[in-house]
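**Student:** Residue numbers (my numbering), protein chains in the order written: chain A, 1 to 350; chain B, 351 to 700. Heads up, the beta-carbon is just placed ideally off N, CA and C, and yes, glycines get one too. All of these numbers come straight from a predicted model, not from anything done at the bench.
Number of protein chains: 2
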Amino acid sequence: MSDGRPPVPASPTLEDVARAAGVSRATVSRVINGIRNVDPAIQETVRRAIAETGYVPNRAARSLVTRRAGAVALVVSGADGESREGPFHSKVFADPFFGRVASGVVGFLRPRGVHPILMFAEDDEARAQCIAYLRQGNADGAVLVSTNATDPLPGLLTGMGLPAVLFARPSPPIPISYVDVDHRTGARLAADHLVAAGRRRSATITGPLAVPAAQDRLSGFRDAMAAHGHPYVPCAEGDFTQDSGEHAMERLLAEHPDLDGVFAANDLMAKGALLTLRHHGRRVPEDVAVVGFDDSSAATASRPPLTTVRHPVEDMAAEMTRLLLEHVEDPHRPVTSVIFEASLVVRESA
Amino acid sequence: MSDGRPPVPASPTLEDVARAAGVSRATVSRVINGIRNVDPAIQETVRRAIAETGYVPNRAARSLVTRRAGAVALVVSGADGESREGPFHSKVFADPFFGRVASGVVGFLRPRGVHPILMFAEDDEARAQCIAYLRQGNADGAVLVSTNATDPLPGLLTGMGLPAVLFARPSPPIPISYVDVDHRTGARLAADHLVAAGRRRSATITGPLAVPAAQDRLSGFRDAMAAHGHPYVPCAEGDFTQDSGEHAMERLLAEHPDLDGVFAANDLMAKGALLTLRHHGRRVPEDVAVVGFDDSSAATASRPPLTTVRHPVEDMAAEMTRLLLEHVEDPHRPVTSVIFEASLVVRESA
DNA sequence: AGAGCGTTGGAGAGCGCTCTCCAAGCGTGC
DNA sequence: GCACGCTTGGAGAGCGCTCTCCAACGCTCT
Chain A
1 MSDGRPPVPA
11 SPTLEDVARA
21 AGVSRATVSR
31 VINGIRNVDP
41 AIQETVRRAI
51 AETGYVPNRA
61 ARSLVTRRAG
71 AVALVVSGAD
81 GESREGPFHS
91 KVFADPFFGR
101 VASGVVGFLR
111 PRGVHPILMF
121 AEDDEARAQC
131 IAYLRQGNAD
141 GAVLVSTNAT
151 DPLPGLLTGM
161 GLPAVLFARP
171 SPPIPISYVD
181 VDHRTGARLA
191 ADHLVAAGRR
201 RSATITGPLA
211 VPAAQDRLSG
221 FRDAMAAHGH
231 PYVPCAEGDF
241 TQDSGEHAME
251 RLLAEHPDLD
261 GVFAANDLMA
271 KGALLTLRHH
281 GRRVPEDVAV
291 VGFDDSSAAT
301 ASRPPLTTVR
311 HPVEDMAAEM
321 TRLLLEHVED
331 PHRPVTSVIF
341 EASLVVRESA
Chain B
351 MSDGRPPVPA
361 SPTLEDVARA
371 AGVSRATVSR
381 VINGIRNVDP
391 AIQETVRRAI
401 AETGYVPNRA
411 ARSLVTRRAG
421 AVALVVSGAD
431 GESREGPFHS
441 KVFADPFFGR
451 VASGVVGFLR
461 PRGVHPILMF
471 AEDDEARAQC
481 IAYLRQGNAD
491 GAVLVSTNAT
501 DPLPGLLTGM
511 GLPAVLFARP
521 SPPIPISYVD
531 VDHRTGARLA
541 ADHLVAAGRR
551 RSATITGPLA
561 VPAAQDRLSG
571 FRDAMAAHGH
581 PYVPCAEGDF
591 TQDSGEHAME
601 RLLAEHPDLD
611 GVFAANDLMA
621 KGALLTLRHH
631 GRRVPEDVAV
641 VGFDDSSAAT
651 ASRPPLTTVR
661 HPVEDMAAEM
671 TRLLLEHVED
681 PHRPVTSVIF
691 EASLVVRESA
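1) Counting only Cβ pairs nearer than 8 angstroms, list the residues of chain B close to A:Val-165.
2) Within 10 angstroms of the Cβ of B:Pro-681, are there 16 or more other Cβ atoms? Answer buried if so, exposed if not.
3) Select from B:Val-367, B:Ala-419, B:Ser-569, B:Val-659 the residue whose C-alpha is nearest the C-alpha of B:His-543.
4) Closest to A:Ala-168 by CA distance: which of A:Gln-129, A:Thr-336, A:Ser-343 is it?
5) Of the residues that make up the segment 109–133 of chain A, which ones have a beta carbon closer than 9 angstroms to any beta carbon in chain B?
6) Nearest chain B C-beta to A:Ser-63 closer than 8 angstroms, yes or no?
7) Out of curiosity, what's the CA-to-CA distance linking A:Glu-82 and A:Ala-164?
8) If you measure from the beta carbon of B:Gly-570 to each beta carbon in chain A, is any gap under 8 angstroms?
9) If you measure from the CB of B:Asn-488, is any heavy atom of the ligand GDP nearer than 7 angstroms?
10) Within the chosen definition, does the segment 581–601 of chain B reach the segment 614–625 of chain B through at least 3 CB pairs nearer than 8 angstroms?
11) Give me the chain B residues within the contact set of A:Val-338, using Cβ-Cβ distance strictly less than 9 angstroms, ordered along the chain.
12) CB B:Thr-307 to CB B:Val-493, shorter than 8 angstroms?
13) Skipping 5 residues on each side, what residues in its chain have a beta carbon closer than 6 angstroms to that of B:Glu-596?
14) Which residues in the same chain as A:Ala-210 place their Cβ atom closer than 7 angstroms to its Cβ, once the five residues preceding and following it in sequence are excluded?
15) So with CB distances below 7 angstroms, who are the chain B contacts of A:Leu-275?
16) Check the Cβ-Cβ distances between A:Ala-342 and every residue of chain B, and say whether any is below 8 angstroms.
17) Say whether chain A places a C-beta atom closer than 8 angstroms to the C-beta of B:Asp-456.
18) Within 10 angstroms of the Cβ of B:Ala-598, are there 16 or more other Cβ atoms? Answer buried if so, exposed if not.
19) Just how far apart, CA to CA, sit B:Asn-387 and A:Gln-136?
20) Quick one, are the C-beta atoms of B:Gly-384 and B:Ala-668 less than 8 angstroms apart?
21) Given A:Cys-235, which residues of its chain have a CB within under 6 angstroms of its CB, disregarding the five upstream and five downstream residues?
22) Please classify B:Asp-637 as buried or exposed, where buried requires at least 16 neighbouring CB atoms within 10 angstroms.
23) Quick check on the DSSP output: the alpha helix (DSSP H) that includes A:Glu-122 runs from which residue to which?
24) Name, please, each residue of chain A whose Cβ falls closer than 9 angstroms to the Cβ of B:Asn-616.
25) Can the beta-carbon of A:Thr-139 be found closer than 8 angstroms to that of A:Val-72?
26) What do you reckon, are the CB atoms on A:Gly-220 and A:Arg-200 nearer than 8 angstroms?
27) With DSSP as the reference, identify every bridge partner of B:Arg-660, one or two as the case may be.
28) How about A:Gly-86: is its C-beta nearer than 8 angstroms to some C-beta of chain B?
29) Is the distance from the Cβ of A:Ile-174 to the Cβ of A:Pro-154 below 8 angstroms?
30) Alpha carbon to alpha carbon, what distance is there between B:Gly-457 and A:Glu-314?
31) Can you find a C-beta in chain B that's less than 8 angstroms from the C-beta of A:Asn-138?
32) Can you check whether the C-beta of A:Asn-33 is within less than 8 angstroms of a C-beta belonging to chain B?
33) With 16 other CB atoms within 10 Å as the buried threshold, where does B:Tyr-405 fall?
34) Quick one: using the 10 Å Cβ neighbour count with 16 as the cut-off for buried, is B:Pro-607 buried or exposed?
35) Round the Cβ separation of B:Glu-468 and A:His-115 to the nearest angstrom and send it over; I've been treating them as touching at under 8 angstroms.
36) Please identify the residue among A:Ala-197, A:Ala-69, A:Asp-223 whose C-alpha is closest to the C-alpha of A:Glu-329.
Next comes the structure, spelled out in structure tokens:
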């Protein structure tokens, strides 16, 4: 009935494998890590022993000596500020943008056998927790997506010597790597399209002007319109939510009832604008052409589907992750930024 | 110019703190972990030494001896199957449901100083990677949300002795803890509301019938309608996406042009149904009343806002996480399931 | 006043791994 | 024919922490 075996068969260690293969721990370690030459015959023996014993390296032990966590953090910072009922209910997921970033990050990380640690740093307390956690060496680096341009987190992270890469250029120019899209050119594409479609009275719904990306999209659009001979562009500020798009459209319509084109700084606001336009009996695109920005799922979910500026978020997130791993690999690598091009996706709204 | 200090001041260890406080490592460890009585005066000295040195415990070293990772995995399984272009582009984030789960999990975990490791297991290969990763001891347990009821992952995880808790009852009854909502009663609420509003010819748009939750919502709705004297309920199957809701509504309308009420098994499909109804000139709720399920962000984003059955996803996710931590704490704890109640949220669509 | 007990701090043995030495083996060149 | 270099495997020292012992100390009780 009762045998001498322990209830939980402790998982095999390097030592066990070494014994099974008749070699030393060091040799097994070398085979596993592919370091130095090991005689092919011995390699084969070791591999077989690993398979037989079902050995899996213990990450904690490895981390202890290599001083590498083998993990990276995906930090969403300055996410929302106000919480709904309950302890913590982030709205950040409601925006398809975040999901796309996560997809890109996971897509790059996964083939490399690493998975991101998901962290939110939406206020000072959360930020402090975040830092404390990262200090413990839980992650070798962080990819960071901030909704707030003046977020102190990037500075804090680099200050503590943790490799970090941002999604989007930081507003105070700190020495940190980042990826971004060429917002100005993207906005110009939207302007060109509206003008080419014969729109003479285009307006724009901007993102929060504290965000550099929103600024760039606005100025890019304005400059391009000016170049086309439209020096004045009505604009209303939103905050990237669908609701704010509805309200901004409401204001624009009130002041400029004759407008015939709208460029919204993201798809969610464009979608909101669509709702308001319909509510006011304006047909899209016949009466008013609408162009969004991002090419998110909201663009195809809208009626009519949105003509929009494609923001290659997934690719950018993958690149951001690649840059991070490079920095982890070689901490002295100089900071770099990679700027992606935007392109126009023409659907039915303009 | 050049001093003897190393370029990177290695972070202080327990030993350093002990030296600074004039006590032994063991005492510092006891203070940090709050184990056994330590003289208050000494405790104070130790705390001061910790603050002075800026000591932060090294997680890897601690994990090595405690055999605890101090982390849990948030696994999304059977997510999509088909990928878009590129290596991995999950659509799972497009559904607000997942975001709500993540919110609930993070909300519970965060005050406890732990952060989830985000993992996807959408196919066999990914699942194998997932298992391998968890085997390394990277997480003490996993909370699992499967879109596919016959997902083998829950069985695999418990099989390897890893604590796991599911969101939603597994379809083959395996011994594993889970949380779920009372789908049948929720669906009854929807039926009662439609009947009370005087609707005589209600139909339903179901989720994929392979999913137990979709089954339960359908049968709950049918049974309640039967109890109200409507033994026959037209139904069309969708797959929980907005598009599928549009198409299902299209079919229902073709076969039952006189219907005056619709219960969709989730909000996204209800939203799709709204689009189709408007396209056919049906007014909501005057001509057709629409009730959704979930009370997700899609419910308030719809025009008109959806009357829907509230699915307390965040609370359920928090409870799921709580159950997981209990299992991690005490592996012999019996499996438990917690069923949440659904409630009706009345807005404008019905 | 001495024995016995509870309380508190220290010593030290690992946890499982990597990696630096070192030694052994084997060619090769003078 | 022997010294020398190169390749390859082993021994062993930790990485930073926890935790089990054990010693020392100050009580109370007889």
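**Tutor:** Straight from the coordinates:
1) Per Cβ cutoff of 8 angstroms: no residues; A:Val-165 is ~17 angstroms from chain B at best.
2) B:Pro-681 is exposed by the Cβ-count criterion.
3) Comparing Cα-Cα distances from B:His-543 to each of B:Val-367, B:Ala-419, B:Ser-569, B:Val-659, the minimum goes to B:Val-659.
4) Comparing Cα-Cα distances from A:Ala-168 to each of A:Gln-129, A:Thr-336, A:Ser-343, the minimum goes to A:Thr-336.
5) Going along the segment 109–133 of chain A in chain order, one finds Arg-110, Pro-111, Gly-113, Val-114, His-115, Pro-116, Ile-117, Leu-118, Met-119, Phe-120, Ala-126, Gln-129, Cys-130, Ala-132, Tyr-133 with a Cβ nearer than 9 angstroms to chain B.
6) Yes, A:Ser-63 lies at the interface with chain B (some Cβ there is under 8 angstroms from its Cβ).
7) Residue placement at A:Glu-82 cannot be trusted, given a pLDDT of 43 that sits under 50; the coordinates are not used to answer.
8) No - not a single Cβ of chain A is within 8 angstroms of the one on B:Gly-570.
9) This structure simply doesn't include the ligand GDP, nor any ligand for that matter.
10) The segment 581–601 of chain B is in contact with the segment 614–625 of chain B.
11) Within chain B, no residue has its beta carbon less than 9 angstroms from that of A:Val-338; the closest one is some 17 angstroms off.
12) Here chain B has residues from 351 to 700 only, and residue 307 of chain B is not among them.
13) Contacts found: Gly-622, Leu-625, Thr-626.
14) Within the same chain, A:Ala-210 has close Cβ partners Ala-149.
15) The answer, in chain order, is Arg-653.
16) Under the Cβ criterion of 8 angstroms, A:Ala-342 is not counted among the residues facing chain B.
17) Looking at the sequence provided, one finds Val at residue 456 of chain B rather than Asp. Proximity of B:Val-456 to chain A, defined by a Cβ-Cβ separation below 8 angstroms, is satisfied.
18) Taking all protein chains shown into account, B:Ala-598 has 16 or more neighbouring C-beta atoms within 10 Å of its C-beta and is therefore buried.
19) Computed Cα separation, rounded: 26 angstroms.
20) Remark: C-beta atoms of B:Gly-384 and B:Ala-668 do not approach each other more closely than 8 angstroms.
21) The residues are Thr-204, Thr-206.
22) Of the residues assessed, B:Asp-637 falls on the exposed side of the cut-off, its CB having fewer than 16 other CB atoms within 10 angstroms.
23) Premise fails: A:Glu-122 is in no alpha helix (DSSP H) and is neither H nor E.
24) Neighbours of B:Asn-616 across chain A, judged by C-beta separation under 9 angstroms, do not exist; the nearest C-beta is about 15 angstroms away.
25) What sits at residue 139 of chain A in the sequence shown is Ala, not Thr. The beta carbons of A:Ala-139 and A:Val-72 sit closer together than 8 angstroms.
26) No. Outside cutoff.
27) In the DSSP output, where bridge partners are listed per residue, B:Arg-660 has B:Asp-644, B:Ser-693.
28) Residue placement at A:Gly-86 cannot be trusted, given a pLDDT of 43 that sits under 50; what the coordinates show is reported in the next sentence. For A:Gly-86, the answer is yes, since a Cβ of chain B falls inside 8 angstroms of its Cβ.
29) Yes, the Cβ-Cβ distance between A:Ile-174 and A:Pro-154 is below 8 angstroms.
30) Roughly 26 angstroms separates the two Cα atoms.
31) True, the Cβ-Cβ gap to chain B drops below 8 angstroms.
32) Any Cβ of chain B closer than 8 angstroms to the Cβ of A:Asn-33 would place that residue at the interface, and such an atom is absent.
33) With 16 or more other Cβ atoms within 10 Å, it is buried.
34) It counts as exposed.
35) Sequence inspection shows Leu at residue 468 of chain B; the Glu mentioned does not correspond to that position. The beta-carbon separation of B:Leu-468 and A:His-115, rounded to 6 angstroms, stays under the 8 angstroms limit for a contact.
36) Measuring from the Cα of A:Glu-329, the nearest candidate turns out to be A:Ala-69.
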